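**Student:** Counting from 1, position 479 in the sequence shown corresponds to residue 1344 in our numbering; the numbering is continuous, with no gaps. By construction, the Cβ of each residue, glycine as well, lies at the ideal position given by its N, Cα and C atoms. Quick caveat, the model's predicted, so the values are computed rather than measured.
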Amino acid sequence: MYHQAKTVRNLWGAPSVEYNDEMWETVSLPHDYIIEQTPTSDGNQGLGYLKPENAWYRKKFTLDDEDKDKRICLYFEGIATNSEVWLNGSLIKRSFAGYYGFEADISDFLSFDRENVLAVYVNTTDNHEGWWYEGGGIYRHVWLEKYEQISVDRFGIYIEPKKIDIDNWSADCEVTVRSDLYKDCNITVRTEIIDKDVTVCSAEAETTIPCRDSHVVTANMKVKKPHLWDIDDPYQYTIRTHIFVNGTETDCQEVMFGFRSFECNGDGMILNGKPIFLNGVCAHQDFGLCGKAVPDNIHRYKVGLIKEMGANAYRCSHYPHSEVTMDELDRLGFVVMDEVRRFESTEEGLEQLRMLIKRDRNRPSVFFWSVGNEEPISLTENGRRIFAVMKAEIRKLDKTRPVMCALSERPEETTFLDNCDVIGINYNLNKYDAIHEQNPQKMIFASECCASGTTRGWYFDDCPEKGYINAIDKDPDSWFAGRERTWKFFSSRKWIAGGFQWIAFEHRGECLWPRLCSQSGAIDMFMQKKDAFYQNQ
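Shown next, in the form of structure tokens:
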């Protein structure tokens, strides 16, 4: 793919087929062009002293005639931050969020007798979604996907395992089937639950999909004595869905899932009948050497590192994390707090929320939906209404997981505390007792704690001119309590279900020159273990 970074808002002609891009740089995706800069002290400290720039990407490709009757889409897992997708000079899609995947249907704009030109414009200067390093570019995977006219919709498979009794479980399944035909169509949907290579059970249903519409097909299956998913034994099954039209298979898709039961109450969290204490960590998604464009093997390595450190829980702070990270959290056995970027009931905000729920609702590792982080509006009537709308939207798509918000500013005065299924508190150790007294029936845990900055290998007084902080755990102030004091506080109150430390890995941004990161991580920006790593073990 060709790439041209520019500080200007636009580059005249870049989306067009005829534009000459021979002098542009050739890059591989995923890609972050902001990380190529040299940090300077006059840059934005929240963004890691790197300056936002805009850029264009272009790619040329051809398709065969056999693809003419298919629905062809581009699926972008993430572009930082705002973006436009153009094909053959036509604007196909705009995205206003840097942390969500989106689909661009290019079927009607393709050429089959000549080369196609894809152009993507990335705008990082007009919108900052966070106070951390956000990068710039097509930093997650892009997929060119080809579908028959009758197919499973994106994230269209949803399975809800339920425990009936000690031996028997039900598995209610919904399959959203999409039709791009210009007539009604009779279809057959067959769904199978597979344990390794063995089909455990299956169900089949027939229905009619209206012209260019979608339809939800349901199935109920029973499984006897399934192998349960647990943090110490993260066992998964496969659900496979086949679509048939007149006996011919038009689509087959698979997703992984797990059987597990859990409950959250005033005594804490119970998983598969056993109490569990959350030894959790928060995390951002960048990596010191390559910015936001993190290779898949590094995502997996990071999850393995925190497992080695003793963590059993992971907070996706403060946005949806990469799909490969989520796969690894399922595989290694974590309790995940999945979080949206925007606490909004706007059309755009709800669309982003729906995308997250649909993408991750089959994952056995996901236990909590967090609809916001440290939102000042949580103290107002507007905040109460926004939370209610977001929770109702989640319940349309998933009824099994608690809905919450990470509370920080005067959490005891939150206007929707009564509507939170569980209560997550950022810092505020002096508020826990009062909140528990007001809500004795609800699970309470630290959605964020222990932001204690340290420099690996530095055992002297702090040295601001070098950006060094003593490596030993400490209480930076009355708000940011260190790991030892925080965990002693939790241990003295059996009703606290644990917490998520800030933070697993040093991340770029939120820093003071000459530091390029906050240094609160238990693992530094280059994946080296700090004293906090061994303290946590």
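What residue range is occupied by the uninterrupted alpha helix (DSSP H) comprising residue 1164?
**Tutor:** As a working mapping, residue 1164 is identified with position 299 in the sequence shown. 1161-1174 is the extent of the alpha helix (DSSP H) around residue 1164.
**Student:** Between the C-alpha atoms of residue 982 and residue 924, what's the straight-line distance to the nearest angstrom?
**Tutor:** As a first step, residue 982 is located in the sequence shown; it is residue number 117 there, counting from the start. As a first step, residue 924 is located in the sequence shown; it is residue number 59 there, counting from the start. Approximately 6 Å, taken between the alpha carbons.
**Student:** Nearest by alpha-carbon distance to residue 1112: which of 1071, 1360, 1147 is it?
**Tutor:** Reading the sequence shown from its first residue, position 247 is the one you call residue 1112. For residue 1112, the nearest C-alpha among the options comes from 1071.
**Student:** Locate the beta strand (DSSP E) running through residue 993, then write down its first and last residues.
**Tutor:** As a first step, residue 993 is located in the sequence shown; it is residue number 128 there, counting from the start. Premise fails: residue 993 is in no beta strand (DSSP E) and is neither H nor E.
**Student:** Taking DSSP as the reference, what is the three-state secondary structure of residue 1234?
**Tutor:** Stepping through the sequence shown from its first residue, residue 1234 is reached at position 369. Here residue 1234 sits in strand by DSSP.
**Student:** Beta-carbon within less than 6 Å of residue 1020's beta-carbon, same chain only, minus the 5 sequence neighbours each way: which residues are those?
**Tutor:** Within the sequence shown, the letter at position 155 stands for residue 1020. Counting only Cβ-Cβ distances below 6 Å, and skipping sequence neighbours, we find 1223, 1224.
**Student:** Measuring straight from C-alpha to C-alpha, what distance separates residue 1067 and residue 1099?
**Tutor:** If you number the sequence shown from 1, residue 1067 lands on position 202. If you number the sequence shown from 1, residue 1099 lands on position 234. Spanning the two alpha carbons is a distance of roughly 23 Å.
**Student:** How many angstroms separate the CA atom of residue 1131 from the CA atom of residue 940?
**Tutor:** Walking along the sequence shown from the start, residue 1131 turns up at place 266. Walking along the sequence shown from the start, residue 940 turns up at place 75. Going by the C-alpha atoms only, they are around 42 Å apart.
**Student:** Let me know the beta strand (DSSP E) ranges lying completely inside the stretch 930-973, each 3 residues or longer, listed in chain order.
**Tutor:** The qualifying runs are 936-941, 947-952, 955-960, 967-970.
**Student:** Look up residue 1004 in the DSSP assignment and say whether it is helix, strand or coil.
**Tutor:** Stepping through the sequence shown from its first residue, residue 1004 is reached at position 139. It is coil, neither helix nor strand.
**Student:** Which value, in whole angstroms, describes the spacing of the CA atoms of residue 1488 and residue 921?
**Tutor:** Outside the modelled stretch of the chain, which goes from 866 to 1402, sits residue 1488, for which no answer is possible.
**Student:** What span of residues does the alpha helix (DSSP H) with residue 1254 cover, start to end?
**Tutor:** Sequence index remark: in the sequence shown, residue 1254 carries index 389 (1-based). It spans 1246-1262 - the alpha helix (DSSP H) in which residue 1254 sits, taken as one unbroken run.
**Student:** Do residue 1122 and residue 1185 come within 8 Å of each other at the CB atom, strictly closer than that value?
**Tutor:** Within the sequence shown, numbered from 1, the residue matching residue 1185 stands at position 320. Within the sequence shown, numbered from 1, the residue matching residue 1122 stands at position 257. Cβ atoms of residue 1185 and residue 1122: not closer than 8 Å.
**Student:** Let me know if residue 872 comes out buried or exposed under the rule of 16 or more other beta-carbons within 10 Å of its beta-carbon.
**Tutor:** Here residue 872 corresponds to residue number 7 of the sequence shown, with the count starting at 1. Below a pLDDT of 50, predicted positions are generally treated as unreliable, and residue 872, at 49, falls in that range; the measurement from the model is reported next regardless. Exposed, since its Cβ has fewer than 16 Cβ neighbours within 10 Å.
**Student:** Which same chain residues, not among the five before or five after residue 996, have their C-beta less than 8 Å away from its C-beta?
**Tutor:** Sequence index remark: in the sequence shown, residue 996 carries index 131 (1-based). 911, 1374, 1375.
**Student:** From the DSSP output, which residues share a beta bridge with residue 1291?
**Tutor:** Residue numbering aside, residue 1291 sits at position 426 when the sequence shown is read from its first letter. Answer by DSSP bridge pairing, in chain order: 1313.
**Student:** In chain order, what are the residue ranges of uninterrupted alpha helix (DSSP H) at least 4 long that sit wholly in the stretch 1339-1384?
**Tutor:** The qualifying runs are 1348-1356.
**Student:** Below 8 Å between beta carbons: does that hold for residue 1321 and residue 962?
**Tutor:** Along the sequence shown, one-based indexing puts residue 1321 at 456. Along the sequence shown, one-based indexing puts residue 962 at 97. No, they are not a contact pair.
**Student:** Need the endpoints of the alpha helix (DSSP H) that residue 1222 sits in, please.
**Tutor:** Within the sequence shown, residue 1222 is the residue found at index 357, counting from 1. 1212-1225 is the extent of the alpha helix (DSSP H) around residue 1222.
**Student:** Among the residues of its own chain, which have a CB less than 7 Å from the CB of residue 1163, if the five just before and after it don't count?
**Tutor:** Numbered from its first residue, the sequence shown carries residue 1163 at position 298. Same-chain partners within the cutoff: 1152.
**Student:** State the Cα-Cα distance for the pair residue 1094 and residue 1199, rounded to the nearest angstrom.
**Tutor:** Numbered from 1 along the sequence shown, position 229 holds the residue referred to as residue 1094. Numbered from 1 along the sequence shown, position 334 holds the residue referred to as residue 1199. If I take the Cα positions, the gap works out to 10 Å.
**Student:** Name the DSSP beta bridge partners of residue 1270, please?
**Tutor:** For the purposes of this step, residue 1270 is taken as residue 405 along the sequence shown, with counting starting at 1. Residue 1270 pairs with nothing; no bridge assigned.
**Student:** Tell me the rounded alpha-carbon separation between residue 986 and residue 1187.
**Tutor:** The residue given as residue 986 occupies position 121 in the sequence shown. The residue given as residue 1187 occupies position 322 in the sequence shown. So the alpha carbons of these two residues sit roughly 21 Å apart.
**Student:** Rounding to the nearest angstrom, what Cα-Cα distance links residue 1346 and residue 889 in this structure?
**Tutor:** Along the sequence shown, read from residue 1 onward, the residue named residue 1346 stands at position 481. Along the sequence shown, read from residue 1 onward, the residue named residue 889 stands at position 24. Taking the straight line joining both Cα atoms gives about 50 Å.
**Student:** Under 8 Å by Cβ, that's how I've got residue 953 and residue 972 pegged, so tell me the actual separation to the nearest angstrom.
**Tutor:** On the sequence shown, position 88 is the one that residue 953 refers to. On the sequence shown, position 107 is the one that residue 972 refers to. Incorrect: roughly 12 Å between the Cβ atoms, too far for contact.
**Student:** Measuring CA to CA, which of 1086, 1043, 1062, 1091 is closest to residue 1073?
**Tutor:** As a working mapping, residue 1073 is identified with position 208 in the sequence shown. Comparing Cα-Cα distances from residue 1073 to each of 1086, 1043, 1062, 1091, the minimum goes to 1043.
**Student:** In or out: residue 1234 buried (at least 16 other Cβ within 10 Å) or exposed?
**Tutor:** Locating residue 1234 in the sequence shown gives position 369, where the first residue counts as 1. Result: buried.
**Student:** Confirm, please, whether the CB-CB distance from residue 984 to residue 879 is below 8 Å.
**Tutor:** Stepping through the sequence shown from its first residue, residue 879 is reached at position 14. Stepping through the sequence shown from its first residue, residue 984 is reached at position 119. Closer than 8 Å, so yes.
**Student:** Please specify which runs of the beta strand (DSSP E), each continuous and at least 3 residues long, are wholly inside the stretch 1069-1115, giving them in chain order.
**Tutor:** If we require 3 residues or more, the beta strand (DSSP E) runs fully inside the stretch 1069-1115 come out as 1079-1089, 1102-1110.
**Student:** Take the Cβ of residue 964 as the centre, count every other Cβ of all protein chains shown within 10 Å, and call the residue buried at 16 or more, exposed below.
**Tutor:** Against the sequence shown, residue 964 aligns to sequence position 99. The residue is buried, with at least 16 neighbouring Cβ atoms inside 10 Å.
**Student:** Among 1288, 1155, 960, 968, whose alpha-carbon lies nearest the alpha-carbon of residue 1305?
**Tutor:** Position 440 of the sequence shown, counted from the start, is the residue given in the question as residue 1305. Nearest of 1288, 1155, 960, 968 to residue 1305, Cα basis: 1288.
**Student:** Got a sec? Which residues, its chain only, sit under 7 Å from residue 1147 by beta carbon, not counting five neighbours each side?
**Tutor:** What you label residue 1147 is simply residue 282 of the sequence shown in a count that begins at 1. Cβ within range, chain order: 1180, 1182, 1313, 1365, 1366, 1367, 1368, 1369.
**Student:** Identify every residue that forms a DSSP beta bridge with residue 882.
**Tutor:** On the sequence shown, position 17 is the one that residue 882 refers to. Answer is none; residue 882 lacks a bridge partner.
**Student:** Would you please state the rounded distance, in angstroms, between the beta carbons of residue 1001 and residue 897? I believe it to be under 8 Å.
**Tutor:** Here residue 1001 is taken as the residue at index 136 of the sequence shown, counted from 1. Here residue 897 is taken as the residue at index 32 of the sequence shown, counted from 1. Sure, about 6 Å apart at Cβ, within 8 Å.
**Student:** For residue 1401, write down the residues that DSSP places opposite it in a beta bridge.
**Tutor:** As a first step, residue 1401 is located in the sequence shown; it is residue number 536 there, counting from the start. DSSP output for residue 1401 lists no bridge partner at all.
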